[in-house]
Structures are given as structure tokens and as C-alpha cells.
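Okay, so here's the structure we're looking at.
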Amino acid sequence: MAVRWVIAVAAILALLATGCSGRASVEQPRSIPKAQPALERDTVVTGHRVRYALHLAEQPNLVYHLDCITGAAFCAQAIYRELWATFGLDAADEAALAKWKALRARHGGELRRLDLHRSEQPLLASSGVFDVAERQRIAGLRARTLDAHQQTMALLSSDADAAGLHDVLERFAPRFGTWWRQRGFAAGSAFFDGFERVLADSFLDSTIEKAAHFYESDLPSGTTFQIHVLVQPRSARKMSVAYQLEGDAVVEAPEGGTPESLIDVVAHELFHYLFFRMAPERQAALLTSVCTSDDPFSVAAYGMLDEAVAATLGNGIVGRHYMPPDAFSAQVARGFIQYRAAGSVARELLPSMQAVLDRGTLISSPEFWRTFGAAVQASYEGGRPRPIDYLHNEVSIAEPPFGSAAQRLRDAAWAGFPYLREYTSLDVEAKTYLVAHPFMNAALFVQGQPSPGLLETLAPASKRSAVMPSLGKGLPGFVYAAPRTAKSYLFVFAANDGKTMEDLVDRFIALPAMAEGVLVERK
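Adding 2 to a residue's 1-based position in the sequence shown gives its number in my numbering.
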């Protein structure tokens, strides 16, 4: 990969003119109109272990709005579109927005740090990742001028594309600037003041400090979390988004809203980051204990660990402190988050989690794992995982004709980074990975009738069965479950066409109980 460095050199020249008399000649200043002061704010709140840098500025908000309305970023898109509908957009504006979306989507991909220590871990876990699209998002949050944004984006894309983005920003900056001066900055500033007070609250700082210890986070001295306030226009719709981009937090601040109504979501995302920063040797110890535990459901439970604990700490402990009691009770009843399975675990874990933090318990400790395992088991209907519950942490192998069905399964299982590894065919690389990681649950999508020999290679635990049944013999479509270990399974989805495969996936998702052999059949 070619790396280009842009070096900006600034020189300051002082010119003193002296006359024949030896005295300095001073030129009278001309009348220069004063530049309009930038409507932006920055402050730093220092906690016991980390610092919180809070930011509110016009250009990052404009970049976010453009990303949002064009679908280049996750956001409350409908709300932002309502505002931009009032900006008098014409055909040339729409073409500029289409150009923005194309340029923002053109450069992606990621580089993972897959050193020997991490690649040999028995389950998928967070690892060092350089995500190009994510770095572009961070650049948009941090740059305060058109030139600064263009220079950084040129390093993350190309000179031509960075210049194209510059042109689009320049086109919409005047109209956005009018809204920012009239409404946006004032609304964001009110939220900024409240956010500063919340970040300085000893309860929140103490909870984050305890959580960093609990997660065994590798945080250098002086670690600073960057929090960017993105003003969400006033709307009758009720939706607000917050998420973490490494050490930078994105917070949509609704006009008239308060930080107390969002701090549980912000904290939730921060706790994900603390888990991501778990010291590698402690992470390895955690994964080993999961696989060697006496709990038969520990591997299935591990796939929900990150989300369930973040919900318990953020939406639970932090939310309970700042939300009105009635609103918090309603949130508990809903299970905190859209990820239903993890939300159910969070609800079971909440009563014991404050004591876990106060005792200084570590996430990799047997003590916490027993607590978490009990909460997971209590959340299962019937006390056992459903088939879909085994695929929160998964290897997905699907050829392009079955990509839609595979995506439907992953969405239902909430299998995402870092708990998902994908292959487009059962090639040598995929087989090698599966054989080397027997504790990984896997979903394999195949066309036609697979050979029973498939189980011999990818699900060696099936060799211990007294009788090896035919693998869906005579069925035009089926889902077959074969044990890989006592805690993990290979799920084979077999069909002749995409529509049949999607039907199999839907029926698999709805299964209430786990079993071995044919789980779903299509006659």
C-alpha cells in the first residue's frame, strides 16, 4: 500500500523597516473588516482515569448532515431530510448530493492486525483494525476548515476525490451556515452546556472508571475520549443516534433535548470501546475459560457478552441514574435494546452488576462468568438456547447466489464485528479455519445435496455418533445441525435456489428448541 505524507510548512516573517534617522518606521494600519467569529465550542472535562473532550463546530455538523441525508452514514436520516427539504434543493443540488454519496462510498476496506497470538484464539474477538471508511468519518468530525478536510481525505482516498468532496462542501456551506447561525449553534450550545455538566458528574466518572477496570482495558495514561455534538434538527419524529468510532463518539443532539435523555446510549457505546481495548493477554484468558467452562452453553452465551454487558452498564446502571423512574421501568420492560436476546440477558444481569463493579470483579474472572452464565440461562425460554442463539459468534460460508439468505440469518443473529467471519465459498482457507477452530459455530450454505463426508471434515464430533444418518437424503431443501464440540455446531443450509434458501432461513430463525440432525425440511 502506498503511503503519502502531506507536510504543511508555515513560515512567519517579521519585517522591520528603518529610516535614515535610525528610528523604526511604523506603517499606519489600514481599516480591515473583522472576520466573523467561528460559532464553535470546545472543552475538556478531566476525570479520574480518562479525559472527555467535548466539541461543537459548524463544518463537522455539515459533513455529518451530508453523510446522513445521502445514506453514507447511520443516522436518524428522515429527521435530517426534513430540514434539507427547506433548503430549496434543485436538480444541480441533487446531483451534488449524489456525487457526495458516490465519493464517500468509493473507498473502503480494512486492515486487521492478525498476529499469531490473536489468530490462534478459539473464538472471534476484537482485534486491531484500520477501517478506511471509519477513518474518513473521524476525519469529517475533526476537520474545522474546507482545506483541512480536503488534505486529510486525500490521504484516505485520492486527491481527485478529496477535491470533489471539497466542492460539494463549498456548495452547501452558505445555506447550512445560515441555519447554523440562526438555530443550529444555539441548540447545540444548550446541549453542550448540559453535556459538560453530565460528564463532570462524579457518578458517571466513577462508573466509567470502574467499568474500565472491569473490562481490563489497556488505556494509556492521559487517554482522551473525543465527543462530537451533532445537532439534530427539531422534528416531531423521535429518534436519536449515538455510536463510537474508536475513541471518537458521535452524539446526535436533538433541538430542545437534554444529555440526560441520551447519556445511557453514549455510555453504552463507550463501554463497547472499553471492551475493545481489553488487554490481549486477558482477552485470551477469557476465551480459554469460555471454551473450557463446565457450562454447556458458554460458547453460545459468549456471542452476546459484549452487547449484553454494554446494555447492562450503559442503558441499565447509567440509564437508571439519569432517567425518570417511569421511563426507566419502561426501558427495562422492553429489554433495553433492539437486540432482543442480549437485551433479555441485560435485564437478568442488571440486579447484580453494580455489586460486580463495586467489588472490582474482572470480566475474565470465573466469578463474573458464573454470574453472566446464570443471567444468560435465565433469559432462555425453556432454559436452553435456540438454534439462532448459537450464531451470535459465527463463521458464515455462502456463495453469491445465497448471499441474501446468509445476510438474513446474520441480521437475525446480530452477528457483526467482531463476532463474524465470512467466506464466499468453502475453499481451502475456509476449511482450514473451521478445522482449526472447532469451537466456532458455523452456517454453511450449499447448493444441491451435500455429501455426508462434509460432516467428517467440518464437524468431527459427529464421528462419535453411534449412527451417521444420511445428510437430508431425498429432501430438496433442509437445515441440518451437526455438533462440532459439546458447545458448538455446524448448520448446513441446503437448497437449489435462493428463494427456497430464504424460506429455510426464516423457518430456522423461528425454531424454539435446539436438536441434532434435520431441523428444517422442505419437501
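Don't be surprised by glycine CBs; every beta carbon is placed ideally from N, CA and C.
Run of the beta strand (DSSP E) containing residue i, from where it starts to where it stops
i    : result
E211 : Premise fails: E211 lies in the alpha helix (DSSP H), 204-216, not in any beta strand (DSSP E).
P256 : 250-256
A484 : 479-485
L428 : No beta strand (DSSP E) holds L428; DSSP gives it neither H nor E.
V233 : 226-234
A445 : 443-449
A496 : 491-497
Endpoints, the alpha helix (DSSP H) within which residue i is located
i    : result
S398 : No alpha helix (DSSP H) holds S398; the beta strand (DSSP E) holding it covers 396-400.
G142 : 134-144
T290 : 282-294
Y275 : 265-278
Y304 : 300-312
P368 : 368-381
S331 : 327-336
L364 : Here L364 belongs to no alpha helix (DSSP H), and DSSP marks it neither H nor E.
E84  : 79-86
When the options are compared against residue i, the one with the closest alpha-carbon
i    : options                : result
R137 : L125, Q184, M155, Q123 : M155
E401 : D499, V522, D195       : D499
A329 : T290, L264, L307       : L264
T147 : H168, E350, H394       : H168
L298 : K212, V231, P387       : Here residue 298 is Pro; the residue named in the question, Leu, does not match the sequence. Closest option to P298, Cα to Cα, is P387.
L157 : G179, F178, R144, V134 : V134
P452 : S490, V437, V494, L411 : V494
A141 : L247, S204, F216       : L247
L393 : L422, P454, G375       : L422
V347 : Y304, P368, L221       : Y304
P282 : S242, L221, A238       : L221
Distance between residue j and residue i (C-alpha atoms, nearest Å)
i    : j    : result
T363 : A214 : 11 Å
H274 : K101 : 33 Å
V11  : W181 : Model confidence at V11 stands at a pLDDT of 25, short of 50, so the residue's coordinates are unreliable; what they give is reported in the following sentence. Each residue's Cα considered, the two are about 35 Å apart.
N63  : V233 : 7 Å
S294 : F370 : Reading off the sequence shown, one finds Thr at residue 294, where the question assumed Ser. Each residue's alpha carbon lies about 15 Å from the other.
G73  : Y82  : 11 Å
D250 : A408 : 31 Å
R336 : D308 : 19 Å
A80  : Y66  : 14 Å
F447 : D413 : 16 Å
V52  : I229 : 13 Å
D163 : A107 : 11 Å
Q30  : R183 : Its pLDDT being 38, under 50, Q30 is placed unreliably in this model, and the value from its coordinates should be taken loosely. Distance between the alpha carbons of Q30 and R183 is about 34 Å.
Cβ neighbours of residue i in the same chain (closer than 6 Å, five flanking residues each side left out)
i    : result
I9   : Note on I9: pLDDT 26, under 50, position unreliable in the model; the coordinate value appears next. So no residue of the chain qualifies.
P462 : none
D69  : A75
L43  : The sequence shown places Arg at residue 43, rather than the Leu named in the question. Hits under 6 Å: L58, F194.
A484 : L457, A461, S464, L492
G316 : D266, A269, H270, F273
L2   : Outside the displayed span of the chain (3 to 525) sits residue 2, for which this structure offers no information.
I339 : A313, G345
T260 : G196
S427 : E401
Which residues DSSP lists as bridging residue i, in chain order
i    : result
Y245 : V252
D44  : H57
R423 : V397
A415 : Bridge partners of A415: none, in fact.
G179 : Answer by DSSP bridge pairing: none, since G179 is not bridged.
R524 : G479
G519 : A483
S219 : M280
Same chain, Cβ closer than 8 Å to residue i, five either side skipped, listed in chain order
i    : result
S160 : H109
L513 : R388, P389, I390, L521, V522
G450 : A496, N498
V231 : L56, H57, L58, G190, F193, F194, F197, V253, A255
Q356 : I319
K525 : L477, P478
Any non-hydrogen atom of the ligand ZN closer than 8 Å to residue i Cβ
i    : result
F187 : In terms of ligand content, the structure shown is empty, and the ligand ZN therefore cannot be addressed.
Nonlocal neighbours in the same chain, by C-beta distance under 7 Å from residue i, ignoring five residues either side
i    : result
T45  : L56, E198
V292 : L125, S300, V301, Y304
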